[in-house]
Ligand code: SF4
């Protein structure tokens, strides 16, 4: 039996009157344009942003420094509508997970990992994902749709709301955000950039650019675009030290191979004003697949001149994943080889295991729309058949 607290829902209702604009997802620039379109001065945008993101206020009537007339006007054409939470679970280690219902169908998840003074929120960007990485439970769902900017920043809003820790309360529950939940953020470029801009904005959440991280599996052209307009931190999902293996695990590698991805990361940092930041390289260790000493040495060779830190993530198996968690020995051996070669690396501790919030397990029990599990089962029976007949 899992040791969790489970609450059915804490949300504000969210059915969408389609003709109203949701102000939750407007960046400062877009909020100013909205205010001007309402016949207001641009500074109104700052007031609205502060009410929404500093004070967590969704009701226009509570926005007391805005005139009654404007409040009435806003109610006609706009709303502040957070995502609808359908369940909320808290792990015995303090990790909290929200399942969010997305209009039009589907669920996404948001996970908060508290760690002392820090709280890292893992935010989703799409319902499902089209990239079909073989070890990923989200990839099994196939792609349903992009999240809107409101649905992305709304995950930050509702996580903070559930602790009543908005900046105006001088409490900090979310200190770091990682765009590492469900979906490939660079395939939902504009909405993700808008949401990240609100995270960084002093009239939004005022989180440092170093503490907002976009993680990509390697959509190279979009990464180049991002470098032109954003300064957030960067993580890449590498998971293999060579193209042959990465082609199997992360299919987008067939289009943008490792050398292209690493070159794009270098270009990204060349565009930044501060020069000492490095790429985080995510490497999920899959037993018997990419966790051998040879793989570790190959990884050292690949990354010896690439400014990075490596995050080793022992795989968390989920039903029909087809992969297994590596042994503790294999993990520490792998880490030791990196460390002996002076590559900064950490082993990610598993958090939220009891609520399926660990990496790669978001929306753990999903319909397997890509039919991968059938393919896997078919392959296993072929292997068994060969073993029997052989
Ligand atoms: S690992 Fe990321 S990019 Fe790959 S299928 Fe999963 S969500 Fe998509």
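Residue numbers (my numbering): 39 to 428. Just so it is clear, CB atoms sit at the ideal spot from N, CA and C, and this is done for glycine as well.
| query | result |
| --- | --- |
| Segment contact flag, the stretch 346-354 with the stretch 157-168, C-beta cutoff 8 Å, min 3 pairs | no |
| Per-residue burial, residue 174 [other beta carbons within 10 Å of its own, 16 or more giving buried] | buried |
| The stretch 97-106 in contact with the stretch 141-157 per 3-pair CB rule at 8 Å | no |
| Strand pairing of residue 149, partner residues [DSSP] | 135 and 160 |
| The ligand SF4 heavy atom lying under 6 Å from the CB of residue 31 | Residue 31 lies beyond the residue range present for the chain, which begins at 39 and ends at 428; the question has no answer from this structure. |
| The stretch 65-74 contacting the stretch 231-239, beta-carbon criterion three pairs below 8 Å | yes |
| Classification of residue 275 by the beta-carbon crowding that lies within 10 angstroms, buried from 16 upward | buried |
| Residue 181, buried or exposed, once every other Cβ within 10 Å from all chains shown has been counted against 16 | buried |
| Three-state secondary structure assigned by DSSP to residue 445 | Here the chain covers residues 39 to 428 and nothing more, so residue 445 does not appear. |
| Residue 60, DSSP secondary structure in three states | strand |
| Burial state of residue 83, where buried means 16 or more other Cβ atoms lie within 10 Å | buried |
| Span of the beta strand (DSSP E), counted from its first residue to its last, around residue 350 | 346-352 |
| Residue 178 versus residue 361: straight-line alpha-carbon distance, rounded | 14 Å |
| Span of the beta strand (DSSP E), counted from its first residue to its last, around residue 290 | Run containing residue 290: none; DSSP gives neither H nor E here. |
| Contact set for residue 249: own chain, Cβ-Cβ below 8 Å, skip 5 residues either direction | 213, 214, 215 and 271 |
| Any 3 or more C-beta pairs closer than 8 Å across the stretch 194-211 and the stretch 149-163 | yes |
| Contact under 7 Å by Cβ, residue 281 with residue 267 | no |
| Neighbour-count burial assignment, residue 86, 16 or more Cβ in a 10 Å radius | buried |
| Residue 148 beta carbon near the ligand SF4 (any heavy atom closer than 6 Å) | no |
| Nearest candidate by alpha-carbon position, reference residue 289, set 69, 70 and 172 | 172 |
| Which listed residue (226, 222, 195 and 374) has its alpha carbon closest to that of residue 93 | 195 |
| Distance, residue 77 Cα to residue 114 Cα | 14 Å |
| Inter-residue spacing [alpha-carbon to alpha-carbon] between residue 321 and residue 357 | 21 Å |
| Any 3 or more C-beta pairs closer than 8 Å across the stretch 114-126 and the stretch 218-233 | no |
| Contact with chain C by residue 388, beta-carbon distance below 7 Å | Note that chain C does not occur in the displayed structure, where there is just one protein chain. |
| Residue nearest to residue 156 in terms of C-alpha spacing, selected from 366, 245 and 137 | 245 |
| Lining residues of the ligand SF4 - beta-carbon closer than 6 Å to any non-hydrogen atom, in sequence order | 167, 169, 170, 171, 174, 176, 177, 220, 221, 222, 255 and 275 |
| Cut-off 7 Å between Cβ atoms - residues of its own chain near residue 204, not counting five sequence neighbours on either side | 92, 93, 94 and 198 |
| Cβ pair residue 373, residue 381 closer than 7 Å | no |
| Residues near residue 109 by beta carbon distance below 8 Å, same chain, minus five either side | 98, 99 and 101 |
| Cβ-Cβ distance between residue 313 and residue 347 below 7 Å | no |
| Presumed contact (8 Å Cβ cut-off) between residue 222 and residue 257, rounded CB distance | 6 Å |
| Close Cβ partners of residue 74 (< 8 Å) along its chain, the five nearest in sequence each way excluded | 80 |
| Alpha carbon of residue 57 to alpha carbon of residue 116, nearest angstrom | 8 Å |
| N- and C-terminal bounds of the beta strand (DSSP E) containing residue 182 | 181-184 |
| Residue 292 classed as buried or exposed, judged by whether at least 16 other C-beta atoms fall within 10 angstroms | exposed |
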